[in-house]
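Heads up, the thing below is written out as structure tokens.
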DNA sequence: CGGCTTCTTGAGTAAGTTCAATCCAGGTGG
DNA sequence: CCACCTGGATTGAACTTACTCAAGAAGCCG
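Have a look at this one:
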């Protein structure tokens, strides 16, 4: 299979959008009206697909680094399968995970010439890598692409803003509850018995660094939610949401 | 003075950029190269000015609401003078201030049709109000405007990402220190004796809700920094940065 | 079955919160 | 001019939540 053909296969498999509710993107003129759609070779396409069409597929293995902090920023990435963590490190080793990128999410946006954080594969993952120079030089001539860039980075902004409230003002229970609900919305599968189940790609340490807690607090909080009957934990990486209203109460 | 003429006066007084270091914006084709500039009637212009050129000036008095959470999102705003706080509220009254907008900053970005937070004037302030419908319908035809929109909302994203690290992983001292340094960079004035002085437009409560702390902790932390000789507090709303290296150590 | 990593649990501690007094600056009115 | 009032800021003491340190348990893979 040629690189181009394989890229097309990748693009087709990019899901509609992990954050669809926050992404009524499309042509600029349509954002104002709230109706919006994009196209790619005549087919309807999400912003992620419009961007991914300009790149080539790449794969990364579990825990490998996609790019490092302060590295020259040459590419933007769109996730096809798997999970990526975007993190910032402090001098003494404290780590904050800014976000987990799921299929359909894009990362690596910069206005400067260097990345301001690092990106690592949480699980095996397949991405589409797009040259920034290609993206930006084309955006000038293609309003639809420009709009897609805006929509994708704007989705990041919304996510970050929600996360500020979580980190600034929520309790440990609320943080874990919000996290589970968010993951369920973006990547949950609902079983026959109407129970939503989650496969956690990330470790407890990753969750802790995302939620601004310690690994022990995350573990204890999950146990506590299980004792309350809000969730069940068939195994440490699998979570079933038993009482969504209780979780939603935690989400505020 | 006609509205148009007064708008032009406003635009001219919008500062280069509060977050200049994060905004090498300009034409799309130039972002990739790292060189970039915009123009307005032949004059060089910042993204904020390009956007503000399409709006009309408005004023708000201290503590008045500019728009509320869940309100119909019809406008984007650019700050000319004064300070605006962008906040999210939880059901029980807990508040998180996402950001303080200073002259040159823009706020009110949305992809949906409603605001997802409220905006209030911290001090008397003058803004330029731009219709979203105008902005977006023009962006399709004017790549330079599209680029300005992207640059402005991207500046917000970078600020939010920095703030995530602060809220997730920093101690009270580090939070207050980072906050003071950030304000100094964006709005500080350096006196003859080479001491940077800040005028705080916001109350201790605002600072607390921005930093994810309580009002008492903010107050105690400032007192503590003063006792260490890092800052001095001629009055509760004026801060002098005495030992910047100590502050930078806190900023990590 | 070791030998590894990851996760859980427990006990003690510390950072920051809560509640409750002041304190202080800046208007207002006598 | 000064007493009074008011909203914001500071300080103190007790308390709580989440952290730290330490020990086990549970998976996972050779």
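Protein chains in written order, with full-length UniProt numbering: chain A, 1 to 252; chain B, 1 to 252.
Cβ atoms here follow ideal geometry from the backbone N, Cα and C, with glycine treated the same way.
Interface residues of chain A facing residue i [CB-CB closer than 7 Å]
i: residue 96 of chain B; result: 164, 165, 168 and 169
i: residue 29 of chain B; result: 136, 137 and 140
Under 8 Å from the C-beta of residue i: neighbouring residues of chain A
i: residue 161 of chain B; result: 88, 98, 116, 117 and 160
i: residue 143 of chain B; result: 139, 140, 141, 143 and 146
Reference residue i; option with closest CA among the options
i: residue 107 of chain A; options: A:132, A:90, A:141 and A:91; result: A:132
i: residue 128 of chain B; options: B:77, B:38, B:223 and B:202; result: B:77
i: residue 45 of chain B; options: B:86, B:144 and B:134; result: B:144
i: residue 142 of chain A; options: A:11, A:67, A:117 and A:27; result: A:27
i: residue 220 of chain A; options: A:51, A:176 and A:252; result: A:176
i: residue 57 of chain A; options: A:79, A:47, A:67 and A:50; result: A:79
i: residue 234 of chain A; options: A:251, A:197 and A:228; result: A:197
i: residue 246 of chain A; options: A:173, A:52 and A:159; result: A:173
i: residue 29 of chain B; options: B:205, B:112 and B:148; result: B:148
i: residue 158 of chain A; options: B:229, B:60, B:43 and B:109; result: B:109
i: residue 102 of chain A; options: A:114, A:156 and A:115; result: A:156
i: residue 71 of chain A; options: A:178, A:117, A:236 and A:100; result: A:117
i: residue 229 of chain B; options: B:195, B:31 and B:40; result: B:195
i: residue 186 of chain B; options: B:137, B:249, B:81 and B:40; result: B:81
i: residue 146 of chain B; options: B:50, B:14, B:248 and B:249; result: B:50
i: residue 74 of chain B; options: B:200, B:115, B:248 and B:139; result: B:115
i: residue 69 of chain A; options: A:55, A:90 and A:59; result: A:90
i: residue 275 of chain B; options: B:52, B:189 and B:203; result: With chain B represented from 1 up to 252, any question about residue 275 of chain B goes unanswered, as that position is not in the structure.
i: residue 136 of chain B; options: B:113, B:125 and B:181; result: B:113
i: residue 105 of chain A; options: A:42, A:47 and A:59; result: A:47
i: residue 242 of chain B; options: B:201, B:190 and B:217; result: B:190
i: residue 87 of chain B; options: B:205, B:238, B:218 and B:225; result: B:205
i: residue 256 of chain B; options: B:215, B:11, B:125 and B:55; result: Residue 256 of chain B lies beyond the residue range present for chain B, which begins at 1 and ends at 252; the question has no answer from this structure.
i: residue 193 of chain B; options: B:179, B:39 and B:240; result: B:240
i: residue 150 of chain B; options: B:130, B:31 and B:200; result: B:31
i: residue 213 of chain B; options: B:43, B:171, B:224 and B:153; result: B:171
i: residue 248 of chain A; options: A:180, A:100, A:60 and A:59; result: A:180
i: residue 53 of chain A; options: A:59, A:41 and A:227; result: A:41
i: residue 251 of chain A; options: A:183, A:199 and A:188; result: A:183
Run of the beta strand (DSSP E) containing residue i, from where it starts to where it stops
i: residue 81 of chain A; result: 75-81
i: residue 301 of chain A; result: Chain A is shown from 1 up to 252; residue 301 of chain A falls before or after that span and cannot be answered.
i: residue 126 of chain A; result: 125-131
i: residue 122 of chain A; result: Element bounds for residue 122 of chain A: n/a, residue is neither H nor E.
i: residue 38 of chain B; result: 38-40
i: residue 175 of chain A; result: Element bounds for residue 175 of chain A: not the beta strand (DSSP E) but the alpha helix (DSSP H), 172-187.
i: residue 237 of chain A; result: No beta strand (DSSP E) contains residue 237 of chain A, which DSSP labels as neither H nor E.
i: residue 84 of chain B; result: 84-89
i: residue 197 of chain B; result: 196-199
i: residue 45 of chain B; result: 43-45
i: residue 67 of chain A; result: 65-67
Segment limits, alpha helix (DSSP H) that includes residue i
i: residue 27 of chain A; result: Looking at the DSSP string, residue 27 of chain A is not in any alpha helix (DSSP H), and its letter there is neither H nor E.
i: residue 57 of chain B; result: Not the alpha helix (DSSP H): residue 57 of chain B falls in the beta strand (DSSP E), residues 56-60.
i: residue 103 of chain A; result: Counting along the chain, residue 103 of chain A falls outside any alpha helix (DSSP H), and DSSP gives it neither H nor E.
i: residue 211 of chain A; result: 204-211
i: residue 141 of chain B; result: Per DSSP, residue 141 of chain B belongs to no alpha helix (DSSP H) and is neither H nor E.
i: residue 215 of chain A; result: 215-227
Listed by chain order, chain B residues near residue i by CB distance under 7 Å
i: residue 156 of chain A; result: 157
i: residue 91 of chain A; result: 252
i: residue 212 of chain A; result: 167, 168 and 169
With contact counted as at least three CB pairs below 8 Å, one residue from each stretch, are the stretch 208-222 of chain A and the stretch 87-96 of chain A in contact? yes
Does the stretch 158-169 of chain B come close enough to the stretch 153-164 of chain A that 3 or more CB-CB pairs lie under 8 Å? yes
So, do the stretch 112-130 of chain B and the stretch 59-66 of chain B have three or more beta carbon pairs nearer to each other than 8 Å? yes
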